[in-house]
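With positions in the sequence shown counted from 1, the corresponding number in the numbering used here is that position plus 130.
Structure first, commentary second.
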Amino acid sequence: MLNKETIITSLKLLIITAVAALCLALVNKVTAPVIAQNQIKTMGAAQKEVLPDADVFETLDFSNENLEYTKNAGTYVEGFYAGVKGEKNIGYVVTAVSKQGYGGDIKVMVGINSDLTVNKVKITETKETAGLGLNASKPQFIDQYVGRSEFLNVIKNSPPTTEGTDIAAISSATVTSKAVTNAVNTAIEIVRDILALQIVDV
Numbered sequence: 131m132l133n134k135e136t137i138i139t140s141l142k143l144l145i146i147t148a149v150a151a152l153c154l155a156l157v158n159k160v161t162a163p164v165i166a167q168n169q170i171k172t173m174g175a176a177q178k179e180v181l182p183d184a185d186v187f188e189t190l191d192f193s194n195e196n197l198e199y200t201k202n203a204g205t206y207v208e209g210f211y212a213g214v215k216g217e218k219n220i221g222y223v224v225t226a227v228s229k230q231g232y233g234g235d236i237k238v239m240v241g242i243n244s245d246l247t248v249n250k251v252k253i254t255e256t257k258e259t260a261g262l263g264l265n266a267s268k269p270q271f272i273d274q275y276v277g278r279s280e281f282l283n284v285i286k287n288s289p290p291t292t293e294g295t296d297i298a299a300i301s302s303a304t305v306t307s308k309a310v311t312n313a314v315n316t317a318i319e320i321v322r323d324i325l326a327l328q329i330v331d332v
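What follows is the structure, given as structure tokens:
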């Protein structure tokens, strides 16, 4: 049988736990809208960075199920947007995620012009190793994608390229290089797929 002291202690712990839970709920209620708003601003800034000529970005419907490339590349599309200037669609922004990074998922935002060439690539989330995979964000590597429109392949032991279908891997970070390239290829694929189906009016 529980004694009086044990019951009192248990009640105190219960009250403390309940108060703590209530405080956390109140803090979350206050901070959640702020966090969501900051995420929207961050997303908008990134979209503007990869497709700067667009005034607004309209969300487009998409499905990963019809993307043949993603089935083998370990990637998927998280967001797909049309970049609009005035009343004209001037390109697309695709957020693609590669699940095969060395340190985990790598999220990549790709700006694609209306002629299907890559305008700019930005890595928005990564857990790659400092000094190795994190170098994927540096211009020497990431700028290789600019102007490309074909599916790309990663090659090792080569200087950075600016044309064709080859992307020079980061030294000692081939896995990261392939993951980012797979994400870019996925972005190219979905734009081609949508345009081929004439779902999006160019």
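Built from N, CA and C at the ideal position, the CB exists for glycine as well.
In this structure, DSSP gives T291 a state outside helix and strand, which the three-state scheme calls coil.
Per the coordinates, the alpha-carbon of R322 lies some 28 Å from the alpha-carbon of K286. Distance from the CA atom of D235 to the CA atom of V276, rounded to whole angstroms, is 22 Å. Annotation: the continuous beta strand (DSSP E) that includes N249 extends over 248-255. Across the structure, C153 and T247 are spaced so that their CA atoms are roughly 51 Å apart.
Shown here, K308 sits in a helix according to DSSP, grouped into three states. Secondary structure at S228: strand, using DSSP grouped into helix, strand and coil. Per DSSP, reduced to three states, the secondary structure at G263 is helical.
Here D235 carries a coil assignment [DSSP, helix/strand/coil].
In this structure, F281 lies away from N243, with their beta-carbon atoms at least 9 Å apart.
By the Cβ-count criterion, S302 is exposed, with fewer than 16 other Cβ atoms from all chains shown falling within 10 Å of its own Cβ. Where F187 is concerned, the enclosing beta strand (DSSP E) starts and stops at 186-189. In the DSSP assignment, K218 is bridged to K215.
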